[in-house]
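J.: For reference, the structure I am asking about is given below.
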Amino acid sequence: MNEGIAAPGRQGMAVDIACVGFGPAMAGFLTTLSRRLADADRPPIPSAAAPGLPLQVVCYERADDVGFGVSGVVTRARGIRAAFPGLDASQVPMAAPVRDEKVLYLLDPVGASRRPGALRAADAALRALGRLAGVDHHAVELPWTPGFLHKRGGFVFSMGQLMQWMAGQVLATGTVQVWPGTPVAEALVDGAAVRGVRLVDQGVDRQGRPGEAFLPGMDVAAGLTVVADGPVGTVGRQLDEVMGTPRGHGRRDWAVGMKLVVDLPESCALPEGTVLHTLGFPEPEIFGFLYVHPGRVASVGIFVPSWFESPARTSYRYLQHFVRHPALWRHLGGGRLRSWGAKSILESGRRGEPVLAGDGFARIGEGSGSTNVLTSSGVDEAFTTGVQLAEGVIELLEAGRPFTSANLRAAYLSRRRASWIEAEGRVAERARDGFQRGVVTGLLGMVLSAATRGQIALGEEAPHPADAVGTLEAFYAGRIPPAEIARIRADCEARGLPLHDALMDRAGWPPVALDGELLVTHQDALLMGGKVQAAPGYADHVTFLHPEICRACRKRVCVEICSAEAIRPGEDGVPTFDREKCVHCGACLWSCTGRIDGTERVNLDFRAGAGGLHSAEN
Ligand SMILES: Cc1cc2nc3c(=O)[nH]c(=O)nc-3n(C[C@H](O)[C@H](O)[C@H](O)COP(=O)(O)OP(=O)(O)OC[C@H]3O[C@@H](n4cnc5c(N)ncnc54)[C@H](O)[C@@H]3O)c2cc1C
Ligand code: SF4
Ligand code: SF4
17 MNEGIAAPGR QGMAVDIACV GFGPAMAGFL TTLSRRLADA DRPPIPSAAA PGLPLQVVCY
77 ERADDVGFGV SGVVTRARGI RAAFPGLDAS QVPMAAPVRD EKVLYLLDPV GASRRPGALR
137 AADAALRALG RLAGVDHHAV ELPWTPGFLH KRGGFVFSMG QLMQWMAGQV LATGTVQVWP
197 GTPVAEALVD GAAVRGVRLV DQGVDRQGRP GEAFLPGMDV AAGLTVVADG PVGTVGRQLD
257 EVMGTPRGHG RRDWAVGMKL VVDLPESCAL PEGTVLHTLG FPEPEIFGFL YVHPGRVASV
317 GIFVPSWFES PARTSYRYLQ HFVRHPALWR HLGGGRLRSW GAKSILESGR RGEPVLAGDG
377 FARIGEGSGS TNVLTSSGVD EAFTTGVQLA EGVIELLEAG RPFTSANLRA AYLSRRRASW
437 IEAEGRVAER ARDGFQRGVV TGLLGMVLSA ATRGQIALGE EAPHPADAVG TLEAFYAGRI
497 PPAEIARIRA DCEARGLPLH DALMDRAGWP PVALDGELLV THQDALLMGG KVQAAPGYAD
557 HVTFLHPEIC RACRKRVCVE ICSAEAIRPG EDGVPTFDRE KCVHCGACLW SCTGRIDGTE
617 RVNLDFRAGA GGLHSAEN
């Protein structure tokens with residue numbers, strides 16, 4: 017044990033910089049920092065933590081490998097191209113330059129989606145005009161891609177392949193260590209300062225009780241802790257609780273994104289680099305995408321947003337209906353599932369920005385409020401905040417100045433505030449508020465925000481996610497009588513099933529004809545596409561805090577939304593959790609409606625955990 021570093025009973029070690037999470041943000045940070053550390057033409061930077069050695073930088077990633085994350089990804093890649101000048105798509109597996117970009121408005125070919133009157137009228141007019149209005153395969157191509165959305169000059173990537181490629185470059189410098197399969201349990205907080213991180217305990221049972229192979233998580237002391245743990249990161253949320261959030265800021269808007277990676281059929285004529293953005297179906301609130309990679313492979317997915325009112329929200333079933341839409345099925349029919357995954361997205365953008373830096377810590381990436389909901393872009397923004405922090409950190413290291421709050425703010429925040437991230441984040445800040453009043457106002461609000469550079473926005477800020485979910489009776493008003501909803505609820509409860517399939521069947525959604533290739537059961541998607549795994553010896557990372565709150569809960573959105581059927585109705589009214597299925601998407605955390613004592617906290621706890629998806633293609 018390293019005396020003075022670790023808590024009693026724990027191993028300890030000291031480094032100069034401890035990093036949490038390896039996503040795009042950390043890729044930006046470590047790319048920039050490792051290049052400087054490897055630069056033989058500049059003076060070496062000595063370690064303060066291990067005198068006589070070079071700077072000690074360690075990055076811990078929760079997932080079993082780097083690149084097991086989930087994203088779209090289409091990006092303008094401004095920050096990425098600045099870091100990799102002359103980037104040639106052929107260097108990165110599954111990457112292609114954006115070639116042909118379209119926005120499709122999808123009509124409802126099955127008559128089951130819940131469309132507001134204005135949209136129904138527009139749909140009827142389009143159908144009446146038919147080909148004259150450009151209707152083809154129940155879809156209309158917008159005459160242009162709005163300026164705020166377009167990705168011209170950018171790239172289609174696979175998140176997994178891009179991260180593995182970047183990690184390869186970082187590790188090749190030999191200046192930093194990256195440890196996958198190593199979740200960070202918490203930051204070591206000392207007053208308003210962070211002094212490093214604690215790794216999760218191993219050799220415990222599902223409740224976290226030590227077993228024979230108990231190995232308490234190590235304490236890693238660090239002069240600087242860089243937090244890049246994404247939208248639902250445990251460490252980021254811990255810091256929000258301890259440090260508070262800037263006035264008026266909060267984590268309100270979110271979405272869960274679910275995608276398939278598909279081997280396209282021979283008949284598909286879409287060239288690589290094709291980008292389709294969709295809206296209108298399966299529900300008007302659900303946006304979708306199809307991006308074509310080289311080698312006849314496509315990423316296809318949807319986003320179920322926080323302003324979707326139904327508590328019986330299910331990404332998987334909606335994704336299947338999306339794939340079956342004639343405008344997409346014409347390209348995908350006969351295709352084969354290669355990979356599948358889901359992850360939530362913090363969509364509050366700049367208004368979700370936490371305390372970005374303090375004594376001994378800094379935050380980058382989506383958890384730092386970098387994602388831009390107007391441009392639908394998060395990867396390049398996250399990467400760029402990482403670059404900005406690294407440039408600031410290099411400046412401090414070269415000047416021999418400590419990682420105090422004042423120094424980090426001067427070195428990091430000054431760069432971030434002066435950059436396009438800040439300027440565009442401000443334009444996007446209120447762009448989606450209109451969705452609080454409905455989908456038509458929401459779309460109008462986005463266009464207005466973009467046209468007035470954020471001066472005019474419609475609607476109001478979202479309430480706490482727990483308060484945003486409506487009731488089944490309201491969502492299905494006029495389509496399923498309350499008495500029948502009650503009967504379906506009782507029936508599903510008795511059979512231990514979620515409600516969404518029964519409700520969607522009743523609302524007119526046709527059964528999905530499974531083909532065992534692309535349209536497979538949710539469970540098969542876990543096996544074929546997600547390859548989900550959970551090593552033994554870790555505690556459950558999803559827990560239900562107060563059973564009585566769950567028993568009284570009528571919405572049970574955690575069960576309905578679970579991306580992997582890992583949360584199921586429990587016999588005593590408290591849901592059950594199966595770690596072997598969980599893909600760590602975090603949607604259950606955002607969805608829990610059991611708010612505790614009016615605080616920001618909800619009744620479902622989501623901690624750092626190991627395992628999850630085993631695919632580097634998503
Ligand atoms: C389906 C989908 C489609 C998307 N499409 C696009 C798109 O087309 N274009 C675009 O620009 N953006 C897109 N995004 C958003 C984009 O993926 C994110 O904005 C981006 O990944 C954020 O990067 P990040 O590094 O901040 O966080 P993340 O990518 O979330 O990375 C955080 C990392 O931290 C790790 N981590 C978390 N907790 C811990 C812990 N306790 N210990 C150790 N490690 C931890 C996680 O495993 C993860 O690897 C999409 C997102 C989804 C889900
Ligand atoms: S975890 Fe939250 S949403 Fe799920 S049953 Fe309990 S209180 Fe309800
Ligand atoms: S239990 Fe796992 S898979 Fe299900 S919603 Fe929560 S994080 Fe996602």
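Read in order, the letters of the sequence shown are residues 17 to 634 in our numbering.
Just so you know, even glycine gets a beta-carbon here, dropped at the ideal spot from N, CA and C.
Determine the extent of the alpha helix (DSSP H) in which residue 574 is found, giving its start and end residues.
T.: Residue 574 -> alpha helix (DSSP H) spans 573-577.
J.: Nearest to residue 266 by alpha carbon, out of 106, 511 and 368?
T.: When only C-alpha atoms are compared, the closest one is 368.
J.: Could you tell me if the beta carbon of residue 559 falls within a distance shorter than 7 Å of some heavy atom in ligand 1?
T.: Not so, every heavy atom of ligand 1 lies at least 7 Å from the Cβ.
J.: With contact counted as at least three CB pairs below 8 Å, one residue from each stretch, are the segment 78-90 and the segment 256-266 in contact?
T.: As far as the Cβ criterion goes, the segment 78-90 does not touch the segment 256-266, which means the pair count is below three.
J.: Determine the DSSP secondary structure at residue 362, reduced to helix, strand or coil.
T.: Reduced to three states, the DSSP call for residue 362 is strand.
J.: Pick from 130, 555 and 419: whose alpha carbon is nearest that of residue 301?
T.: That would be 130, whose Cα lies nearest to the Cα of residue 301.
J.: State yes or no: is the C-beta of residue 479 nearer than 7 Å to some heavy atom of ligand 2?
T.: Residue 479 Cβ: outside cutoff for every heavy atom of ligand 2.
J.: Who are the near neighbours of residue 23 in its chain, counting only those whose CB is closer than 7 Å to its CB and skipping five residues on each side?
T.: Closer than 7 Å at the Cβ level, and outside the excluded window around residue 23, lie 235.
J.: Determine the closest residue to residue 567 out of 103, 185 and 588, with distance taken between C-alpha atoms.
T.: Answer by Cα proximity: 588.
J.: Give every residue of the same chain whose Cβ lies closer than 8 Å to the Cβ of residue 477, excluding the five residues on either side of it in the sequence, and list them in chain order.
T.: Once the five neighbours on either side are set aside, the close Cβ partners of residue 477 are 268, 367, 446, 449 and 452.
J.: For residue 135, which of 502, 77 and 299 has the nearest alpha-carbon?
T.: The option with the nearest alpha carbon to residue 135 is 299.
J.: Work out the CA separation of residue 502 and residue 380 for me, nearest whole Å.
T.: Distance between the alpha carbons of residue 380 and residue 502: 45 Å.
J.: Pop quiz: residue 165 and residue 341 are said to be a contact at Cβ under 8 Å. What is the actual Cβ separation, rounded to whole angstroms?
T.: With a Cβ gap of about 20 Å, residue 165 and residue 341 do not count as contacting.
J.: Could you tell me the boundaries of the alpha helix (DSSP H) in which residue 598 lies?
T.: That residue, residue 598, is in no alpha helix (DSSP H); it is neither H nor E in DSSP.
J.: Assuming residue 358 contacts residue 273 under a Cβ cut-off of 8 Å, what Cβ separation, rounded to an integer in Å, is found between them?
T.: With 8 Å as the limit, residue 358 and residue 273 qualify as a contact, their Cβ atoms being about 7 Å apart.
J.: Could you spell out where the alpha helix (DSSP H) holding residue 176 opens and where it closes?
T.: From DSSP, the alpha helix (DSSP H) with residue 176 extends over 175-188.
J.: Between residue 182 and ligand 1, is the CB less than 7 Å from at least one heavy atom?
T.: Result no, Cβ not under 7 Å from ligand 1.
J.: So, does the segment 618-627 touch the segment 541-550, judging by three or more C-beta pairs under 8 Å?
T.: Taking 8 Å as the limit for Cβ pairs, the verdict is that the segment 541-550 does touch the segment 618-627.
J.: As a quick exercise: from 570, 572, 573 and 595, pick the residue whose alpha carbon is nearest that of residue 582.
T.: Comparing Cα-Cα distances from residue 582 to each of 570, 572, 573 and 595, the minimum goes to 595.
J.: How should residue 494 be labelled, buried or exposed, when 16 other C-beta atoms within 10 angstroms of its C-beta is the threshold for buried?
T.: The residue is exposed, with fewer than 16 neighbouring Cβ atoms inside 10 Å.
J.: So residue 214 and residue 201 are in contact, right, with Cβ under 8 Å, and what is the actual spacing, rounded?
T.: Confirmed, about 5 Å.
J.: Determine the burial state of residue 120: buried for a count of at least 16 other Cβ atoms within 10 Å of its Cβ, exposed for fewer.
T.: It counts as buried.
J.: Pair every Cβ in the segment 191-209 with every Cβ in the segment 74-82, then say whether three or more of these pairs are closer than 8 Å.
T.: As far as the Cβ criterion goes, the segment 191-209 touches the segment 74-82, which means the pair count is three or higher.
J.: Is residue 566 near ligand 2 - that is, is its Cβ less than 7 Å away from at least one heavy atom of it?
T.: Checking every heavy atom of ligand 2 against the Cβ of residue 566, one is found closer than 7 Å.
J.: When DSSP labels each residue in this structure, what does residue 332 get in the three-state scheme?
T.: Helix, per DSSP.
J.: For a minimum of 3 consecutive residues, which ranges assigned as the beta strand (DSSP E) are wholly contained in the segment 298-357?
T.: Qualifying beta strand (DSSP E) stretches, in chain order: 303-309 and 313-321.
J.: For residue 103 and residue 97, which I take to be in contact (beta-carbon distance under 8 Å), what is that distance rounded to the nearest angstrom?
T.: Confirmed, Cβ separation roughly 5 Å.
J.: State the DSSP-derived secondary structure class of residue 252, mapped to helix, strand or coil.
T.: Residue state, collapsed to three classes: helix.
J.: So what does DSSP say about residue 569, is it helix, strand or coil?
T.: Residue 569: coil per DSSP, three-state reduction.
J.: Which runs of the alpha helix (DSSP H) fall wholly inside the segment 191-221 and span at least 4 residues, in chain order?
T.: For the segment 191-221, not a single whole alpha helix (DSSP H) run of length 4 or above is found.
J.: Is residue 419 near ligand 1, with its Cβ less than 7 Å from a heavy atom?
T.: Every heavy atom of ligand 1 is 7 Å or more from the Cβ of residue 419, so no.
J.: Is residue 399 close to ligand 3? I mean its beta-carbon at under 7 Å from any heavy atom of the ligand.
T.: For ligand 3, not one heavy atom lies less than 7 Å from the Cβ of residue 399.
J.: What did DSSP end up calling residue 270 once you bin it into helix, strand or coil?
T.: It is a strand residue.
J.: How big is the Cα-Cα spacing for residue 430 and residue 39?
T.: Distance between the alpha carbons of residue 430 and residue 39 is about 23 Å.
J.: Roughly how many angstroms lie between the CA atoms of residue 499 and residue 326, to the nearest whole one?
T.: Going by the C-alpha atoms only, they are around 17 Å apart.
J.: Confirm, please, whether the CB-CB distance from residue 606 to residue 481 is below 8 Å.
T.: Contact: yes.
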